[in-house]
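Residue numbers (full-length UniProt numbering): 1 to 223.
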């Protein structure tokens, strides 16, 4: 399982690089069929690797469940495997569905988490006062010689505010569905034409209360 974990992390790293690589086909769709940069070929290779890794993990988990037959499911994958065994004709849940769900959860969760942490560090480095307050809170609640425990989290109010502000300024994913305005309108200083599809990032243009400040303008920033 250790070798699988190592290989999985490597594949996630490779797919993250490919996902962030500028693609000429996005700007010139006519070039998509030629795959000039080899992005589609690279993705197909990585997806095959993912498929093999998931197959090995599922096979190992099935053997574990066979040895522990009758016991309650312990984790998310075991629950999904039991659901697959109980599938009916109306709601099929095949191995293909299972692997697709695992890929969405693991790959999506890996990249978004690391990006958010990077943004948090960058924002704190640019705001020494906020960094000092966060450090002081950690020293008081957790202590210098103690490990962070889950029981500490509800007491770290300032750190939670910092993370929420980071997510507001740098959303990990679009949380509002694309829509077309019925008429031309102004969105945060940007003029949008009628019927122009737009994709809003939650927090960038929606007016929400900003932590540590008294104004409501979400375009401004600060902790």
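Each residue gets a CB set at the ideal place from its N, CA and C atoms; glycine is no exception.
Asked	Found
Where the alpha helix (DSSP H) through residue 91 begins and ends	Note, residue 91: premise wrong, no alpha helix (DSSP H); not H, not E.
Sub-9 Å separation of residue 119 and residue 166 beta-carbons	yes
Contact set for residue 148: own chain, Cβ-Cβ below 6 Å, skip 5 residues either direction	142
Contact between the stretch 81-95 and the stretch 125-133 (3+ Cβ pairs under 8 Å)	no
Own chain residues within Cβ distance below 6 Å of residue 99, not counting five before or after	54
Residue 171 versus residue 24 - alpha carbon distance	25 Å
Check whether residue 49 and residue 17 have beta carbons under 9 Å apart	no
Distance CB(residue 173)-CB(residue 112) smaller than 9 Å	yes
Residue 13 to residue 101 span [Cα, whole Å]	19 Å
Residue burial classification, residue 117 (beta-carbon count within 10 angstroms, cutoff 16)	exposed
Between the CA atoms of residue 38 and residue 29 - distance to the nearest angstrom	15 Å
Short Cβ contact (9 Å threshold) for residue 134 with residue 158	yes
Sequence-distant residues of its chain with Cβ nearer than 8 Å to residue 152 (five each side left out)	141 and 142
Element boundaries [alpha helix (DSSP H), containing residue 36]	It is not in any alpha helix (DSSP H) - residue 36 carries neither H nor E in the DSSP assignment.
Assigned secondary structure, residue 145 (DSSP; H/G/I helix, E/B strand, else coil)	coil
Chain-order list of residues whose beta-carbon lies under 7 Å from that of residue 57 (same chain, five-residue window excluded)	4
Residue interval of the alpha helix (DSSP H) (run including residue 157)	157-169
Where residue 15 falls, given that 16 or more other Cβ within 10 Å makes a residue buried	buried
CB of residue 61 within 9 Å of CB of residue 78, strictly	yes
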